[in-house]
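Enquirer: Right, I'll just put the structure down here and ask away after.
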Amino acid sequence: MAPPASFCSEISPSPANCTSYSPFLQLDTQCTSSFAASCLRLPKNCSLVARCSLKWSEKPSITPGALLTSSPQQLSTNPVFGEGKIGVLLLNLGGPETLEDVQPFLFNLFADPDIIRLPRLFRFLQRPLAQFISVARAPKSKEGYASIGGGSPLRRITDAQAEALRKALWEKNVPAKVYVGMRYWHPFTEEAIEQIKRDGITKLVVLPLYPQFSISTSGSSLRLLESIFREDEYLVNMQHTVIPSWYQREGYIKAMADLMEKELKSFEHPEEVMIFFSAHGVPLAYVEEAGDPYKAEMEECVDLIMEELEKRRVHNAYTLAYQSRVGPVEWLKPYTDETIIELGKKGVKSILAVPISFVSEHIETLEEIDVEYKDLALESGIQNWARVPALGVEPTFIADLADAVIESLPYVGAMAVSNLEARQSLVPLGSVEELLAAYDSQRRELPPPVTVWEWGWTKSAETWNGRAAMLAVLVLLVLEVTTGEGFLHQWGILPLFR
Ligand SMILES: C=CC1=C(C)c2cc3[nH]c(cc4nc(cc5[nH]c(cc1n2)c(C)c5CCC(=O)O)C(CCC(=O)O)=C4C)c(C)c3C=C
Ligand SMILES: [Fe+2]
17 MAPPASFCSE ISPSPANCTS YSPFLQLDTQ CTSSFAASCL RLPKNCSLVA
67 RCSLKWSEKP SITPGALLTS SPQQLSTNPV FGEGKIGVLL LNLGGPETLE
117 DVQPFLFNLF ADPDIIRLPR LFRFLQRPLA QFISVARAPK SKEGYASIGG
167 GSPLRRITDA QAEALRKALW EKNVPAKVYV GMRYWHPFTE EAIEQIKRDG
217 ITKLVVLPLY PQFSISTSGS SLRLLESIFR EDEYLVNMQH TVIPSWYQRE
267 GYIKAMADLM EKELKSFEHP EEVMIFFSAH GVPLAYVEEA GDPYKAEMEE
317 CVDLIMEELE KRRVHNAYTL AYQSRVGPVE WLKPYTDETI IELGKKGVKS
367 ILAVPISFVS EHIETLEEID VEYKDLALES GIQNWARVPA LGVEPTFIAD
417 LADAVIESLP YVGAMAVSNL EARQSLVPLG SVEELLAAYD SQRRELPPPV
467 TVWEWGWTKS AETWNGRAAM LAVLVLLVLE VTTGEGFLHQ WGILPLFR
């Protein structure tokens with residue numbers, strides 16, 4: 017059922033109105049969950065809806081302090097947590113550890129239907145297409161990974177975050193085990209789940225390590241989890257809850273503001289510095305057609321950080337732009353490279369770059385921002401450039417993640433999206449199924465974000481080239497299937513079901 021227009025237009029996207037507004041309460045009294053889902057997918061009027069009630073000015077009914085009355089030994093029968101073994105599953109992207117890993121890593125990424133969502137008729141082409149694109153892109157990606165030491169630092173940093181979180185939880189008297197499940201490289205989510213089963217975990221908190229939700233990141237990992245859960249008797253019965261995004265948490269905002277304040281001091285005239293938030297982009301269609309809340313969450317996140325800095329009497333000018341686009345389709349704008357050039361033209365002399373969509377150093381901070389964008393800035397007339405480091409294992413941040421886990425524990429097992437108390441908590445909790453239903457229920461087809469074929473000089477030519485390439489791949493595939501010979505057989509992709 018679609019929500020009445022009046023209902024959605026009532027919900028203002030203006031952050032100023034959000035502090036006094038509790039849309040989840042309204043959804044509770046006025047909406048069924050499919051109703052809520054429809055609202056969540058209306059980007060223009062309603063995409064901030066889900067976040068409005070989540071500012072930290074509204075205290076949760078259960079605070080971490082209230083839970084900390086028991087020793088770790090007593091916790092298995094704590095009246096709030098109930099009985100059980102607690103596990104925390106950190107979800108992340110994963111990255112190639114060596115240059116040989118780059119092409120298979122890219123294959124896993126492009127084989128993900130949440131990264132390239134093909135029309136239903138062409139779904140069988142997902143893996144051949146992923147092979148094709150990954151082989152084509154690997155040389156460029158390898159260059160990037162070679163320049164940052166021959167591989168991604170993501171596994172090392174995520175492992176360190178997991179260990180720091182485990183320690184922080186134990187210090188807060190929560191004896192949880194923490195697991196790392198990567199989407200595209202080791203340790204894969206499937207491996208983490210096997211360990212969770214071996215350890216006999218009965219209560220699981222799922223925590224994607226992306227502050228803001230996107231269909232292409234947290235959404236993709238949750239979809240994978242959903243399919244794993246559905247097929248496994250142990251997991252179907254294991255109680256869980258998901259913290260889908262946490263950019264609005266006080267600890268995260270304060271930790272970001274701390275790092276920014278510190279870095280601003282490295283400039284000779286800190287007050288003249290333009291604060292430049294650079295977020296990883298997504299194709300525009302994700303937001304406008306599939307209802308990805310990513311852009312709305314990103315904008316609110318930036319507002320919250322700047323509000324915090326204002327409180328500290330830091331009144332710098334700031335801007336938000338999106339980086340790392342690949343392929344011919346339109347991505348979220350403004351683009352980081354174009355914005356840097358614009359700022360140079362306007363006479364801006366100092367920039368502080370703030371990577372905002374990820375909490376570890378990775379190829380796009382170490383190579384794209386530190387090398388490519390810095391060079392571009394200097395060429396564009398900007399004289400002073402610095403970058404805020406990623407949060408990593410920064411103690412305020414890790415302590416806040418631990419609090420997020422503790423606050424979510426009372427809701428483990430509950431279908432939290434239909435649970436009034438959970439909706440009023442600091443983070444919007446939910447089960448995997450309900451969250452996917454709310455954010456991406458229709459799983460609309462999206463244009464492939466990557467270049468399938470490399471010729472052409474106009475956007476429409478590229479689109480047609482892409483279509484021609486798809487057709488060519490289809491013809492090749494038919495030929496291969498019928499003759500049993502060709503490059504897909506050579507690469508070991510066909511036969512598909514070995
Ligand atoms: C919030 C963060 C991210 C979003 C949103 C995202 C969407 C997205 N990414 C691609 C394509 C590629 N991403 C690649 C690497 C990569 N992506 C993220 C984060 C987000 N991606 C990170 C942290 C990394 C780096 C991991 C590391 O090894 O350090 C790559 C590979 C690198 C390269 O060749 O540039 C690709 C390709 C798409 C298409 C997409 C949205 C649809
Ligand atoms: Fe990416």
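Residue numbers for the sequence shown follow the numbering used here, beginning at 17 and rising by one. We put the beta carbon where it would ideally sit given N, CA and C, even for glycine. Quick caveat, the model's predicted, so the values are computed rather than measured.
What's the gap between the Cα of V104 and the Cα of V222?
Expert: Translated into the one-based positions of the sequence shown, residue 104 becomes position 88. Translated into the one-based positions of the sequence shown, residue 222 becomes position 206. Rounded to whole angstroms, V104 to V222 spans 6 Å at the Cα level.
Enquirer: Considering only C-alpha positions, which residue in the set F204, D416, T335 is nearest to E315?
Expert: On the sequence shown, residue 315 is found 299 positions in, with the first residue counted as 1. Minimum Cα distance to E315 is reached at T335.
Enquirer: I'd like the list of long-range same chain contacts for I385, defined as Cβ closer than 7 Å, with 5 residues on each side in sequence excluded.
Expert: Taking the first residue of the sequence shown as 1, we reach residue 385 at position 369. Excluding positions up to five away in sequence, the list reads S294, A369, P371, R403.
Enquirer: May I have a chain-ordered list of the alpha helix (DSSP H) segments no shorter than 4 residues that lie completely inside the region 287 to 326?
Expert: You should have 300 to 304.
Enquirer: Identify every run of the alpha helix (DSSP H) within the region 91 to 165, keeping only runs that are complete inside it and at least 4 residues long; order them along the chain.
Expert: Taking only runs of at least 4 residues, the alpha helix (DSSP H) segments lying wholly in the region 91 to 165 are 118 to 126, 142 to 163.
Enquirer: May I ask whether a heavy atom of ligand 1 can be found less than 7 Å away from the beta carbon of S230?
Expert: The residue given as residue 230 occupies position 214 in the sequence shown. The answer is yes for S230.
Enquirer: Do three or more CB pairs link the region 217 to 232 to the region 254 to 264 at distances below 8 Å?
Expert: Short answer: they touch.
Enquirer: According to DSSP, simplified to helix, strand and coil, what is M254?
Expert: The residue labelled residue 254 in the question sits at position 238 within the sequence shown. Reduced to three states, the DSSP call for M254 is coil.
Enquirer: Please classify S163: is it buried, with 16 or more other beta-carbons within 10 angstroms of its beta-carbon, or exposed?
Expert: To locate residue 163, count along the sequence shown from 1; it is residue 147. Classification of S163: exposed, given that the 10 Å Cβ count is below 16.
Enquirer: Could you check what DSSP says for E210 in three-state terms: helix, strand or coil?
Expert: Against the sequence shown, residue 210 aligns to sequence position 194. Three-state DSSP puts E210 in a helix.
Enquirer: Apart from the five residues on each side of it in sequence, which residues of its chain come closer than 8 Å, Cβ to Cβ, to K365?
Expert: Locating residue 365 in the sequence shown gives position 349, where the first residue counts as 1. Hits under 8 Å: E288, G397, I398, Q399, N400.
Enquirer: Among the candidates D308, D274, E206, whose CA atom is the shortest distance from the CA of I231?
Expert: Working through the sequence shown from its first residue, we reach residue 231 at position 215. For I231, the nearest C-alpha among the options comes from D308.
Enquirer: What residues in its chain sit with their C-beta under 8 Å from that of V421, if we drop five residues either side in the sequence?
Expert: As a first step, residue 421 must be located in the sequence shown, where it is residue number 405. Taken in chain order, the residues that qualify are V104, L181, L185, V190, A192, V221, L223, I259.
Enquirer: Taking C-alpha atoms, which residue in R341, L280, R265 lies nearest to D353?
Expert: Counted from its first residue, the sequence shown places residue 353 at position 337. Nearest option by C-alpha distance: R341.
Enquirer: Starting from the C-beta of E313, find all residues in its chain whose C-beta is less than 7 Å away, skip the five residues before and the five after it, and write them out in chain order.
Expert: Here residue 313 corresponds to residue number 297 of the sequence shown, with the count starting at 1. Within the same chain, E313 has close Cβ partners R67, Q228, F229, S261, Y263.
Enquirer: Can you find at least 3 beta carbon pairs, one from the region 233 to 246 and one from the region 137 to 157, that sit closer than 8 Å?
Expert: Touching, no.
Enquirer: Measuring only the C-alpha atoms, how far is K101 from I217?
Expert: Residue numbering aside, residue 101 sits at position 85 when the sequence shown is read from its first letter. Residue numbering aside, residue 217 sits at position 201 when the sequence shown is read from its first letter. The straight-line gap from Cα to Cα measures roughly 5 Å.
Enquirer: I'd like to confirm something about Y226: is its beta-carbon nearer than 7 Å to some heavy atom of ligand 1, or not?
Expert: For the purposes of this step, residue 226 is taken as the residue at position 210 of the sequence shown. At least one heavy atom of ligand 1 is nearer than 7 Å to the Cβ of Y226, so yes.
Enquirer: Could you round the C-beta distance between A393 and I367 to whole angstroms and report it? I think they count as a contact, below 8 Å.
Expert: On the sequence shown, position 377 is the one that residue 393 refers to. On the sequence shown, position 351 is the one that residue 367 refers to. A393 to I367, Cβ: 6 Å. Contact.
Enquirer: Can you tell me which residues form a DSSP beta bridge with R403?
Expert: The count along the sequence shown starts at 1 and reaches residue 403 at position 387. Bridge partners of R403: A369.
Enquirer: From the DSSP output, in three-state form, read off Q339 for me.
Expert: Here residue 339 refers to the residue found at position 323 of the sequence shown. It is a strand residue.
Enquirer: Evaluate H331 with the Cβ neighbour count: other Cβ atoms within 10 Å of its Cβ, from every protein chain shown; 16 or more gives buried, anything less gives exposed.
Expert: In the sequence shown, residue 331 corresponds to position 315, counting from 1. It is exposed - the Cβ of H331 has fewer than 16 other Cβ atoms within 10 Å.
Enquirer: Under 7 Å from any heavy atom of ligand 1, does the C-beta of G165 make it?
Expert: What you label residue 165 is simply residue 149 of the sequence shown in a count that begins at 1. The answer is no for G165.
Enquirer: Does at least one heavy atom of ligand 2 sit under 7 Å from the Cβ of S376?
Expert: Looking up residue 376 in the sequence shown gives position 360. Result no, Cβ not under 7 Å from ligand 2.
Enquirer: Span of the alpha helix (DSSP H) holding L223?
Expert: Counted from its first residue, the sequence shown places residue 223 at position 207. That residue, L223, is in no alpha helix (DSSP H); its beta strand (DSSP E) goes 219 to 224.
Enquirer: Leaving aside the five residues before and after E113 along the sequence, list all residues of the same chain whose C-beta is less than 8 Å from its C-beta, in chain order.
Expert: Locating residue 113 in the sequence shown gives position 97, where the first residue counts as 1. Cβ within range, chain order: G167, S168, R171, W201, H202.
Enquirer: What is the rounded straight-line gap between the Cα of I356 and the Cα of K311?
Expert: For the purposes of this step, residue 356 is identified with residue 340 of the sequence shown, where counting begins at 1. For the purposes of this step, residue 311 is identified with residue 295 of the sequence shown, where counting begins at 1. Computed Cα separation, rounded: 20 Å.
Enquirer: With hydrogens ignored, establish whether the beta-carbon of S424 is closer than 7 Å to any heavy atom of ligand 2.
Expert: Taking the sequence shown and counting its residues from 1, the one referred to as residue 424 is at position 408. It does not: the Cβ of S424 is nowhere closer than 7 Å to a heavy atom of ligand 2.
Enquirer: Under 7 Å from any heavy atom of ligand 2, does the C-beta of S373 make it?
Expert: Numbered from its first residue, the sequence shown carries residue 373 at position 357. It does not: the Cβ of S373 is nowhere closer than 7 Å to a heavy atom of ligand 2.
Enquirer: Could you tell me the alpha carbon to alpha carbon distance between F283 and R328, rounded to whole angstroms?
Expert: Within the sequence shown, the letter at position 267 stands for residue 283. Within the sequence shown, the letter at position 312 stands for residue 328. Each residue's Cα considered, the two are about 17 Å apart.
Enquirer: State the Cα-Cα distance for the pair A178 and K188, rounded to the nearest angstrom.
Expert: Within the sequence shown, numbered from 1, the residue matching residue 178 stands at position 162. Within the sequence shown, numbered from 1, the residue matching residue 188 stands at position 172. Rounded to the nearest angstrom, the two C-alpha atoms are 15 Å apart.
Enquirer: Verify the contact flag: H296, CB atom, against every heavy atom of ligand 2, threshold strictly below 7 Å.
Expert: As a first step, residue 296 must be located in the sequence shown, where it is residue number 280. It does: the Cβ of H296 is within 7 Å (strictly closer) of some heavy atom of ligand 2.
Enquirer: Helix, strand or coil for F283 per DSSP?
Expert: Start at 1 with the first residue of the sequence shown, and residue 283 comes out as number 267. Correct three-state label for F283: coil.
Enquirer: Check whether the region 113 to 131 touches the region 205 to 216, counting contact only when three or more Cβ pairs, one atom from each stretch, lie closer than 8 Å.
Expert: Flag = no, the region 113 to 131 and the region 205 to 216 do not touch.
Enquirer: Which whole-angstrom value is the C-beta distance of Y195 and A176, which I expect to be below 8 Å?
Expert: Here residue 195 refers to the residue found at position 179 of the sequence shown. Here residue 176 refers to the residue found at position 160 of the sequence shown. Between A176 and Y195 the Cβ distance is about 14 Å, and since that is not below 8 Å, they are no contact.
Enquirer: Is S340 near ligand 2, going by C-beta to nearest heavy atom under 7 Å?
Expert: Here residue 340 is taken as the residue at index 324 of the sequence shown, counted from 1. Yes, Cβ of S340 sits closer than 7 Å to a heavy atom of ligand 2.
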